Structure formats: C-alpha cells, structure tokens
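Number of protein chains: 2
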Amino acid sequence: MDATVDLSACRGCHCLAARRHARAVTRLFDEKLRPHGLRATQFSVLAALALAGPTPVTGLAEKLGLERTTLTRIAAVLERHGWVSIAPSEDARERPLRLTGAGRRKLVGAFPAWKEAQDLVDRWTDAQDPADRYPAGSVRQTR
Amino acid sequence: MDATVDLSACRGCHCLAARRHARAVTRLFDEKLRPHGLRATQFSVLAALALAGPTPVTGLAEKLGLERTTLTRIAAVLERHGWVSIAPSEDARERPLRLTGAGRRKLVGAFPAWKEAQDLVDRWTDAQDPADRYPAGSVRQTR
DNA sequence: CCTAGGTAGGTGTATATACACTCCAGCCGT
DNA sequence: ACGGCTGGAGTGTATATACACCTACCTAGG
C-alpha cells in the first residue's frame, strides 16, 4: 500500500558496497593463493595464529571479527589439513588453536603470493577514489 | 626453510579488513531485515530488480559484482519464496529475472528497516576514521 | 540443412557465514 | 556434596560464495 518509497536510495547501499568490495578483493587473494591450496580466510587464520600464538576459539574469532561458530568450521578444515591443532590447556573448556609446523611452512610459503595481492590492492586504492568503488570485474583483469 | 619472512605485515591485510568490514555491516543489515524475513543479499537483488526491471542472470550478477553461479542459487531461494520469477524472452537461452508483486511488496515493506541500517552506517563512517576500521564487535553495540 | 563455435545458464562440490540450540566443564552458594 | 549458573565450544540448518564442469540454444559457414 505504499509505492511512494524512493528505492533509488538503495543504489548507495553500504552493505552491497562492502560485500561487493570484499568479494572482489577475496577473488583476487584467492586467485593468488590458489597455487598454494589456501583460501584467503584460511590464510588470515594461520597468520593470526602465527602472530598471536595458541589462542582459544572465542578470542581468535573476536580478533578476526567473525562469528565463533564460523571459526569452528574453518578450524575444522585447517585441522583436517594438519595446519593447526588443539593445544593443551589448564581449563578443559578451552581448546586453544595452535599453528603446526606444517601450518607455519604453508603460511610462509604462501606469503609471497599474499604480498602480491596485497600490493595490487595497494596500487588500486592509491589510483582510484578513496571510497571503495571498484568497478565490477576490474579486479580480474590481471589474468 | 625461510623464517625471515615478516608476517607482521599480515596485520594490514586488505582482504581481512574488507571481509571483516563486510561481515560487520552485513550482520547489522541482517539484524534490521530479520523481522521481514529478508537477508541483506536478498534485499540487494530485489532492489536491483526493482530499479532495473527484468534482467538476465549474467547482467544482474555483473551489476551486483557477484559470480553468476552465486546469483543462480540466490535467485532459486527468491523464487521459492515467490519474490521473483522468470520473465519470458525471445532468446530462449536467457532467463530474465523479474520482481513479482509479492517481491515488490516485500521490498517496500522492508525498506524502512534497510534505511535504518543504512543511516546507522552513515553515522559510523562520519564519526570514525575514513578507513574502514570498525573495532570488532562495535557494530553490535546498538542492541 | 547441418555442424562448429560461442553464449546463457545450471550442477557438483567445497568452503564461508551466522543464528538457534545443545553440551560439557568449572565455579559457587548452601 | 549437590545443584544451579556461567563460560567455552560444537551441532543443526540455511544461505552465500565461487570454481570446474555440463547443458541448451543461437548463429554463422559450408
């Protein structure tokens, strides 16, 4: 019963802009990391663990700004690959995640690829407007 | 064989920042839209269709900056709810997506909720630093 | 007409994401 | 010691996301 709403305001949707930007950047990082068998999210978790040392799931999730339960699933994949393991803890409720040797090697090996992607995005943000207006598709033109 | 890599550079990862930001913003929009039974992504698609009229999947995906196959899945959910349908086309390969009456009503009904979320993010970006450094969790403090 | 190639779209599979709910372990008061 | 409470973590379910692959349809050349 209300056709007077001005839907054109939706063109400036912050959520769409943020998601679109994240998707584009993620596709680039995934592309660079693919030869190493790592996804962008997985790289983030491994890097966070390398920098912070063994960390319980809840704390790590907060650090990364994602849901605790999401990190649980991501950690399961990383464990399956042998890149992280559960560290012992005095408090049996905690299950600190710890980078394994294989995980550290994987991370260090993938670092140059990560750096490449990171530098590419640096150059984009320098060249383009400060807002995050990456035209759709421009991200993949590197191939 | 290389422990000399400076992993601390990963603290400034553009991909993590973009994803973290998108997750936070999405959680807010989802929270506002939840009473209407809509997700942020779904709202985006409905709004895009309302503004552009019937559009083939590929074109709409480009407009929204997401993978064509991703839009296929999203569209399936929207169709299931009766909010979009396949419009006829001369070219039988194309399957233009079209907003249904129910879809338009759903969209218009959810618009105020969307606007609320949009305005909230406006205020954040005005108040905070221009980069997108939302401290983890601050997004949910509105509850 | 008929086939080769290109275009529009869907499927299989895997991961990412989050909410609601459940479970287990420690803690604390009586 | 027990019983409830709280905190840390996992599960069930649904959607989002993308790549590799597959199918259907048009169109141009023969």
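Taken in sequence, the protein lines are chains A and B. Residue numbering for the first sequence follows the working numbering, beginning at 231 and increasing consecutively. Residue numbering for the second sequence follows the working numbering, beginning at 231 and increasing consecutively. For each residue, glycine too, the CB sits at the ideal point set by N, CA and C. Computed from a prediction, not measured in an experiment: that's the story for all the values here.
For residue i, would you say it is in contact with chain A, using Cβ-to-Cβ distances shorter than 8 Å as the test?
i	result
B/A277	yes
B/A282	no
B/S274	yes
B/A317	no
B/A270	yes
How would you list, in chain order, the residues of chain A whose beta-carbon sits under 8 Å from the beta-carbon of residue i?
i	result
B/R264	Correct list: empty, because the minimum Cβ distance to chain A is about 14 Å.
B/V287	What B/V287 touches in chain A: nothing, since even the nearest Cβ is about 14 Å away.
B/T256	C245, A248, R249
So, is residue i buried or exposed, given that buried needs 16 or more other C-beta atoms within 10 angstroms?
i	result
A/T302	exposed
B/S274	buried
A/A306	exposed
A/A239	exposed
Name the chain A residues that come within less than 9 Å of residue i, Cβ to Cβ?
i	result
B/A340	Neighbours of B/A340 on chain A: none; closest Cβ ~10 Å, over 9 Å.
B/A343	Near B/A343 there are no residues of chain A at all, since even the closest Cβ is about 12 Å away, more than 9 Å.
Starting from the beta carbon of residue i, find every residue of chain B whose beta carbon is closer than 7 Å, and list them in chain order.
i	result
A/L290	Within 7 Å Cβ-Cβ: nothing; A/L290 doesn't reach chain B, min ~11 Å.
Mind checking if residue i is an interface residue toward chain B, Cβ cutoff 8 Å exclusive?
i	result
A/R323	no
A/R373	A caution first: A/R373 carries a pLDDT of 32, below 50, which makes its placement in the model too unreliable to give a value.
A/V351	yes
A/R363	Because A/R363 carries a pLDDT of 47, less than 50, the predicted location of this residue cannot be relied on, and the following value inherits that uncertainty. No, A/R363 does not count as interfacial toward chain B.
Counting only Cβ pairs nearer than 9 Å, list the residues of chain B close to residue i.
i	result
A/Q348	A239, C240, G242, C243, H244, C245
A/V314	What A/V314 touches in chain B: nothing, since even the nearest Cβ is about 15 Å away.
Using a C-beta to C-beta distance shorter than 7 Å, which residues of chain A count as neighbours of residue i?
i	result
B/R253	G295, L296
List, from N- to C-terminal side, the alpha helix (DSSP H) runs of 4 residues or more that fit wholly inside the stretch 290-369 of chain B.
You should have 298-310, 331-357.
Tell me which residues of the stretch 295-310 of chain B have at least one Cβ-Cβ distance to chain A shorter than 7 Å, keeping chain order.
Along the stretch 295-310 of chain B, going in chain order, the ones with a CB nearer than 7 Å to a CB of chain A are G295, L296.
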